[in-house]
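Numbering (this note's numbering), first residue to last: 1141 to 1293. Glycine included, every Cβ here is placed at the ideal spot set by N, Cα and C. Computed from a predicted structure; not experimentally measured. Structure first, then comments.
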Amino acid sequence: MKITPRKLNVYTIFKLPSAFLCGVRTKYIDDKKCVVTVKHRWINQNPFKSMFWAVQGMAAEFSTGALMIGKIQDSGRPISMLVTANNSTYTKKATGKITFICNDGHLIDEAISKTIETGEGQTVLMQSVGVNEEGIVVSTFNFEWSIKVKNKS
């Protein structure tokens, strides 16, 4: 099954309802890139009238995780995935529509091949950058994903 923005958005309704309610939406995905947006609204704001950091984190993580899900699905193997570390930097108030872009799909292929070949866990460092409607970076998120072929039990 090919992953599409529509399928990912339906997925959030059932599996990530807080992200869906906060307005996290996938706009584009291919083998190398995923684009996720979220608009600053009452439900996702902080006391300083900008977007709460955790909402930005949900959108940023989803832009990396959707790529990982797609690549794992394409492999046809049962592979587990987990965020093992993350950090973020905030450089401007997040107001209006924020677009998170991850261009790191190419990094996943080698890790999946290695975990299938060796059976050992692998890590992938992926970045998602959030920009506002003027194209100014508001936040940058780095996620360390761990993947491993699941044991047959």
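(request) Could you pull the start and end residues of the alpha helix (DSSP H) that Arg1146 belongs to? (result) Mapped onto the sequence shown, residue 1146 falls at position 6. For Arg1146, the enclosing alpha helix (DSSP H) begins and ends at 1145 to 1155.
(request) Take Lys1180 and list the residues in its own chain whose beta-carbon comes closer than 8 Å to its own, dropping the five residues that flank it on each side. (result) Walking along the sequence shown from the start, residue 1180 turns up at place 40. Reading off the sequence, residue 1180 comes out as His, not Lys. So the qualifying residues of the chain are Ser1190, Met1191, Ala1234, Thr1235, Gly1236, Lys1237, Ile1238.
(message) Judging by CA-CA distance, which residue of Glu1257, Val1271, Gly1210, Ser1228 is the nearest neighbour of Val1178?
(response) For the purposes of this step, residue 1178 is taken as residue 38 along the sequence shown, with counting starting at 1. Nearest C-alpha to Val1178: Val1271.
(request) Determine the direct distance from the alpha carbon of Gln1213 to that of Leu1265, and round the result to whole angstroms. (result) Residue mapping note: residue 1265 aligns to position 125 of the sequence shown, counting from 1. Residue mapping note: residue 1213 aligns to position 73 of the sequence shown, counting from 1. C-alpha separation (whole angstroms): 19 Å.
(message) Only counting the same chain, and skipping five residues up and downstream in sequence, which positions put a Cβ closer than 7 Å to that of Met1198?
(response) Translated into positions along the sequence shown, residue 1198 becomes position 58. Exclusion of the five residues before and after Met1198 leaves Ala1159, Cys1162, Val1164 as the residues of its chain whose Cβ lies within less than 7 Å of its Cβ.
(message) Quick check on the burial criterion: 16 or more other C-beta atoms within 10 angstroms. Buried or exposed for Ser1203?
(response) One-based indexing of the sequence shown puts residue 1203 at position 63. The residue is buried, with at least 16 neighbouring Cβ atoms inside 10 Å.
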